[in-house]
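Enquirer:
Protein chains: 4
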Amino acid sequence: MSRTTPAVPSRSDAVRNRRLLLDAAARTFAERGVEVSIGEIAQCAGVGKGTVFRHFSSKADLLAAIMLGMLDELESAGTALLEAGDPALALRDFMAAGVEIFVRDRAFCEVVGRPSLQSEQVREAIHRLRDVAEELTARARRQGAVRPDVTGTDVVLLLSGIQHTAAPLLVTEPEAWRRYLELAFDGITADTRRSLPYPPPRRLPLASPDAQVDG
Amino acid sequence: MSRTTPAVPSRSDAVRNRRLLLDAAARTFAERGVEVSIGEIAQCAGVGKGTVFRHFSSKADLLAAIMLGMLDELESAGTALLEAGDPALALRDFMAAGVEIFVRDRAFCEVVGRPSLQSEQVREAIHRLRDVAEELTARARRQGAVRPDVTGTDVVLLLSGIQHTAAPLLVTEPEAWRRYLELAFDGITADTRRSLPYPPPRRLPLASPDAQVDG
Amino acid sequence: MSRTTPAVPSRSDAVRNRRLLLDAAARTFAERGVEVSIGEIAQCAGVGKGTVFRHFSSKADLLAAIMLGMLDELESAGTALLEAGDPALALRDFMAAGVEIFVRDRAFCEVVGRPSLQSEQVREAIHRLRDVAEELTARARRQGAVRPDVTGTDVVLLLSGIQHTAAPLLVTEPEAWRRYLELAFDGITADTRRSLPYPPPRRLPLASPDAQVDG
Amino acid sequence: MSRTTPAVPSRSDAVRNRRLLLDAAARTFAERGVEVSIGEIAQCAGVGKGTVFRHFSSKADLLAAIMLGMLDELESAGTALLEAGDPALALRDFMAAGVEIFVRDRAFCEVVGRPSLQSEQVREAIHRLRDVAEELTARARRQGAVRPDVTGTDVVLLLSGIQHTAAPLLVTEPEAWRRYLELAFDGITADTRRSLPYPPPRRLPLASPDAQVDG
DNA sequence: CATGAATGAGAGTTCATTCAT
DNA sequence: GATGAATGAACTCTCATTCAT
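Chains as they are written, first to last, in UniProt numbering: chain S, 1 to 215; chain B, 1 to 215; chain C, 1 to 215; chain Z, 1 to 215.
(1) DSSP state of residue 229/Z, grouped into three classes?
(2) Can you pull the chain Z neighbours of Asp186/C, defined as C-beta to C-beta under 8 Å?
(3) Given that a residue counts as buried once 16 or more other Cβ atoms are within 10 Å of its Cβ, and exposed if not, what is Lys49/Z?
(4) Using the beta-carbon count (16 or more within 10 Å), is Ser119/S buried or exposed?
(5) Within 10 Å of its beta-carbon, does Arg139/S have 16 or more other beta-carbons around it, so buried, or fewer, so exposed?
(6) According to a CB-to-CB cut-off of less than 7 Å, which residues of the segment 81-92 of chain B neighbour chain S?
(7) What first and last residue would you give for the alpha helix (DSSP H) that runs through Phe56/Z?
(8) Is Pro201/S helix, strand or coil by DSSP?
(9) At the level of alpha carbons, what is the spacing between Gly161/C and Gln163/Z?
(10) With 8 Å set as the bound, which would you pick, yes or no: does the beta-carbon of Phe201/B sit closer than that to a beta-carbon of chain S?
(11) Who are the neighbours of Thr28/C on chain Z, taking C-beta pairs under 9 Å?
(12) Does any CB atom of chain Z fall closer than 8 Å to the CB of Met1/C?
(13) For Gly161/B, which three-state DSSP category applies?
(14) Are there 16 or more other CB atoms within 10 angstroms of the CB of Arg92/C, so buried, or fewer, so exposed?
(15) When you compare only the Cα positions, how much space is there between Glu73/B and Gly33/B?
(16) Is the number of C-beta pairs between the segment 180-188 of chain B and the segment 183-190 of chain S that are closer than 8 Å three or more?
(17) Glu173/C CB to nearest chain Z CB: under 8 Å?
(18) For Val103/C, does the three-state DSSP call read helix, strand or coil?
(19) Quick one, which of Ile38/S, Glu75/S, Thr137/S and Leu71/S has its alpha-carbon nearest Ser57/S's?
(20) In whole angstroms, what is the alpha-carbon distance linking Ala96/C and Phe108/Z?
(21) Within 10 angstroms of its Cβ, does Arg193/S collect 16 or more other Cβ (buried), or is it exposed?
(22) Could you tell me the distance, in whole angstroms, from the CA atom of Ala211/S to the CA atom of Arg123/Z?
(23) Residues of chain C with CB closer than 7 Å to the CB of Gly161/Z, please, in chain order.
(24) Return helix, strand or coil for Val156/Z, following the three-state DSSP convention.
(25) In this structure, how does DSSP classify Thr151/C when only helix, strand and coil are distinguished?
(26) How many angstroms separate the CA atom of Gly144/B from the CA atom of Ala84/B?
(27) Considering just the uninterrupted stretch of the alpha helix (DSSP H) at Thr28/C, what are its terminal residues?
(28) Beta carbon of Thr137/B, beta carbon of Val155/B: below 8 Å?
(29) Can you have a look at Glu135/Z and say buried or exposed, based on whether 16 or more other CB atoms are within 10 angstroms of its CB?
(30) In chain Z, which residues lie with their C-beta within 8 Å of the C-beta of Ala176/C?
(31) Using DSSP with H/G/I as helix, E/B as strand and the rest coil, what is Leu196/C?
(32) Note down the Cα distance separating Arg179/Z from Leu196/C, rounded to an integer number of angstroms.
(33) What would DSSP say about Thr137/S, mapped onto helix, strand or coil?
(34) Return the chain-ordered list of same chain residues with a C-beta closer than 7 Å to the C-beta of Ala30/B, the five sequence neighbours on each side being excluded.
(35) Would you grab the beta carbon distance between Gly78/Z and Phe94/Z for me? Rounded to a whole angstrom, and I think it's under 8 Å.
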């Protein structure tokens, strides 16, 4: 996919530029989607176009780096919530944190939906996130707070689904996702004898034979 | 945006090519999203690039034609279900029909989710769809089968959300959306005194400051 | 240049269509230049695009046919004026007739200026026109009404020059060319001992190695 | 029409390429008219197609840059001639300079003659040129060296007319325009009581309802 | 290291011309 | 004979990526 993105640089200006770039890219992708050009991102970060490619060996790599940041952030939040007293509340807080991150970044969702854009690292981060979600869900499940056949994979998938449900409203009502989070949470905590009509997903398939991203 | 897309042609070869084109475009957009090039669609339909532009005066027009077909299909399904005996079941069937269309078609989701891709006609069709959804929801609501504060707009938004929830699984488990439809349905029919923490969306905002699709 | 444009057809509807086309093309070229598309001309003539190519085997041929019509018209006018009583007046009337024809048709000038657009037939017609102009000029010269070293070729060239001088004004002042015709005529009839600083053109070179017109 | 064409660059290679490009474009436009493609110009300059668009944000901008250069050159020549001792000679020299530029450049004529090709900047430059021509003409007029009703606008229009008169000859006789300049000059300096049969142009109409040039 | 100039593949779109109906 | 559908080369312009400065 890409040569290999250089690791985090050591020189202080390089570190600063990397930060600048990630922020600018996140903001720009968030506002306008994955189609914004590298040139715009560079300009928005106040650096030259070449600098983008020094730090990230392709547009796909830049996207992956942003994804990674967000996934890590959410994973940390989830890990912290494992310590929380109320498992059901912890699960709900985790989902709220996740949707909020997704909502902040429109590109995130586009990328999660497109396996072709994902790097190996992103896939690994998603799997780690799924593991944390599984632990949180298991705790709540054990308490009887969620349906017995709801899994951590379900929870992760729902994050993206909730964001997409609310997406068209977010321009005018940035908090509207809370409505759909509640609906979804009521769905997974519904006191119902019926189990769901389709079995829980076994795997979270993220690889794909699609063509490369080109821009 | 477009000069004016010629109406359905009368000559038999033209009719055939138009059909070929719509099918190829629907399939290609469905599989790979709105970014597929006109050239690929043409090739896939076995016609020359120019023929695409004879039938649809721009890429946006072609996309709109396909969207309109699907939206109309779903609207019809909804209208038919207004006659059904069981309002709750009718609503669920409508949602199933909707998600199934979304699932079939990746471009559909992109267009519905991205105002910048929408033509006026598409917006109108979405609004008509929302109206049908509202009627179906109202019937179920009157019966006490769904929460009092759930609206037709919620239902339409959920269609896309459910599809996105299941999206990563669809490659390996094409029916997985049924699981999340059930979850969502349980969410909107949950017997809960709490009303949702965020008020129902007033409007379905589909206009956008973005530039129109160009290619 | 072109296969061979079919001669004037015999069937009455074909004759009518040919007339319709020539008129529409002349009018359209005149108004908007040689860049108008064949499709527009066809539409403007109320016939199909195919019909244009039945009558004229290429766009260049259509242009040539129009040119020929105008050149013939002017040649006839010139021939008639050979009989006029006042040679100077006859020459001036000839020039007025010529400029008026040029002014009527913007494309005419573009074509006359671009040897690549000219067919053999057009070149021949221009040479015939030059011969008539030469006769008219010779008569006036013999009377002492024009400078001794002014030739028929000069006169023909001036027609196009006068038209171009006035061109930018013609939209708002369609008769403005009369001003520049007068200036030019005063120039060639000026009572001056000096002969012109550059000898009269020997030939009217109209062939060219330029690329073909394509449209 | 154009985003904004970047100013003259500072890096030496860019400066060189910009020069190469302007020269190639000027030469190519001059020889073959405004219809030459950007691709050809790029090839002719020995650079990639993209480089053209880096330096000039559209074809129209490139054309405008070249036109502006020539118009400024001529305006400067005119301004310098305002200091000349002999007003009539100065006017003639100005016209000679102008025709020479026109003769060198076929695109120049097309642009000046076709309002649809003009940018605002070009129109302004033409108006400045007209003002200089008016001063030169006024000086000559005050001396009685030119007809009382000949204006600077006439002079500017004549530049193009003279070029077009000589155009067909220029391939074989590149200096032939001097003949027609003399004729025209004798026309505007003719010692005649008659005023011209059509009043002087009030304005130099350069705006147009036509679409802008696109390529 | 940072820069932004250069590149060229590829996008959407137009249109003269051909040819099946 | 007339039509207009099909074609595909050509055009302008964009942008990820490379590389000289």
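Even glycine gets a Cβ: it sits at the ideal position worked out from N, Cα and C.
Expert: Per the coordinate set shown:
(1) Because chain Z spans 1 through 215 in this model, residue 229/Z falls outside it and cannot be assessed.
(2) On the third sequence, residue 186/C is found 186 positions in, with the first residue counted as 1. Contact annotation for Asp186/C against chain Z: Asp186, Gly187, Ala190 and Thr192 [CB-CB distance below 8 Å, chain order].
(3) The count along the fourth sequence starts at 1 and reaches residue 49/Z at position 49. So Lys49/Z counts as exposed.
(4) If you number the first sequence from 1, residue 119/S lands on position 119. Buried is the call here.
(5) Along the first sequence, read from residue 1 onward, the residue named residue 139/S stands at position 139. A residue is called buried once 16 or more other Cβ atoms fall within 10 Å of its Cβ, and Arg139/S is buried on that count.
(6) Answer in chain order: no residues at all.
(7) As a first step, residue 56/Z must be located in the fourth sequence, where it is residue number 56. Phe56/Z -> no alpha helix (DSSP H), and no H or E assigned at all.
(8) Counted from its first residue, the first sequence places residue 201/S at position 201. Pro201/S falls in the coil class under three-state DSSP.
(9) Translated into positions along the third sequence, residue 161/C becomes position 161. Translated into positions along the fourth sequence, residue 163/Z becomes position 163. Rounded to the nearest whole angstrom, the C-alpha separation of Gly161/C and Gln163/Z is 7 Å.
(10) Along the second sequence, one-based indexing puts residue 201/B at 201. Reading the sequence as shown, one finds Pro at residue 201/B and not Phe. Yes, because at least one Cβ of chain S sits closer than 8 Å to the Cβ of Pro201/B.
(11) As a first step, residue 28/C must be located in the third sequence, where it is residue number 28. By Cβ distance, chain Z contributes nothing, its closest Cβ being about 14 Å from Thr28/C, past 9 Å.
(12) The count along the third sequence starts at 1 and reaches residue 1/C at position 1. Interpretation of Met1/C is limited by its pLDDT of 41, a score under 50 that renders its predicted location unreliable; the figure taken from the coordinates is listed afterwards. Taking 8 Å as the CB threshold, Met1/C stays off the interface with chain Z.
(13) The sequence position of residue 161/B within the second sequence is 161, counting from 1. In this structure, Gly161/B counts as helix in the three-state DSSP scheme.
(14) What you label residue 92/C is simply residue 92 of the third sequence in a count that begins at 1. With 16 or more Cβ atoms within 10 Å of its Cβ, Arg92/C is classed as buried.
(15) Residue mapping note: residue 73/B aligns to position 73 of the second sequence, counting from 1. Residue mapping note: residue 33/B aligns to position 33 of the second sequence, counting from 1. Approximately 20 Å, taken between the alpha carbons.
(16) Contact between the segment 180-188 of chain B and the segment 183-190 of chain S is present, because at least three Cβ pairs lie under 8 Å.
(17) Along the third sequence, one-based indexing puts residue 173/C at 173. So yes, Glu173/C belongs to the interface.
(18) Against the third sequence, residue 103/C aligns to sequence position 103. Val103/C: helix per DSSP, three-state reduction.
(19) Stepping through the first sequence from its first residue, residue 57/S is reached at position 57. Residue nearest to Ser57/S within the set Ile38/S, Glu75/S, Thr137/S and Leu71/S is Ile38/S (criterion: CA-CA distance).
(20) Counting from 1 along the third sequence, the entry for residue 96/C is found at position 96. Counting from 1 along the fourth sequence, the entry for residue 108/Z is found at position 108. So the two alpha carbons sit approximately 27 Å from each other.
(21) One-based indexing of the first sequence puts residue 193/S at position 193. Burial call: exposed.
(22) Position 211 of the first sequence, counted from the start, is the residue given in the question as residue 211/S. Position 123 of the fourth sequence, counted from the start, is the residue given in the question as residue 123/Z. Low local confidence applies: a pLDDT of 34 at Ala211/S is under 50, so the model's placement there is unreliable, and no value is given.
(23) Walking along the fourth sequence from the start, residue 161/Z turns up at place 161. Going along chain C in sequence order, the residues near Gly161/Z (Cβ under 7 Å) are Gly161, Ile162, His164, Thr165 and Tyr180.
(24) Counted from its first residue, the fourth sequence places residue 156/Z at position 156. Three-state DSSP puts Val156/Z in a helix.
(25) On the third sequence, position 151 is the one that residue 151/C refers to. Per DSSP, reduced to three states, the secondary structure at Thr151/C is coil, with no helix or strand assignment.
(26) In the second sequence, residue 144/B corresponds to position 144, counting from 1. In the second sequence, residue 84/B corresponds to position 84, counting from 1. Each residue's Cα considered, the two are about 17 Å apart.
(27) Walking along the third sequence from the start, residue 28/C turns up at place 28. Counting along the chain, the alpha helix (DSSP H) containing Thr28/C begins and ends at Ser12 to Arg32.
(28) Here residue 137/B corresponds to residue number 137 of the second sequence, with the count starting at 1. Here residue 155/B corresponds to residue number 155 of the second sequence, with the count starting at 1. It is a contact, given that the beta carbons lie within the stated cut-off.
(29) Reading the fourth sequence from its first residue, position 135 is the one you call residue 135/Z. Burial call: buried.
(30) Taking the first residue of the third sequence as 1, we reach residue 176/C at position 176. Per Cβ cutoff of 8 Å: Tyr198 and Pro201.
(31) The residue given as residue 196/C occupies position 196 in the third sequence. DSSP, reduced to helix, strand and coil, places Leu196/C outside both helices and strands of the structure shown, so it counts as coil.
(32) In the fourth sequence, counting from the first residue as 1, residue 179/Z sits at position 179. In the third sequence, counting from the first residue as 1, residue 196/C sits at position 196. Distance between the alpha carbons of Arg179/Z and Leu196/C: 6 Å.
(33) Position 137 of the first sequence, counting from 1, holds the residue named residue 137/S. Reduced to three states, the DSSP call for Thr137/S is helix.
(34) If you number the second sequence from 1, residue 30/B lands on position 30. Excluding residues within five positions, the ones whose Cβ falls inside 7 Å are Arg104, Asp105, Arg106 and Ala107.
(35) Stepping through the fourth sequence from its first residue, residue 78/Z is reached at position 78. Stepping through the fourth sequence from its first residue, residue 94/Z is reached at position 94. Here Gly78/Z really is in contact with Phe94/Z; their C-beta atoms are around 5 Å apart, less than 8 Å.
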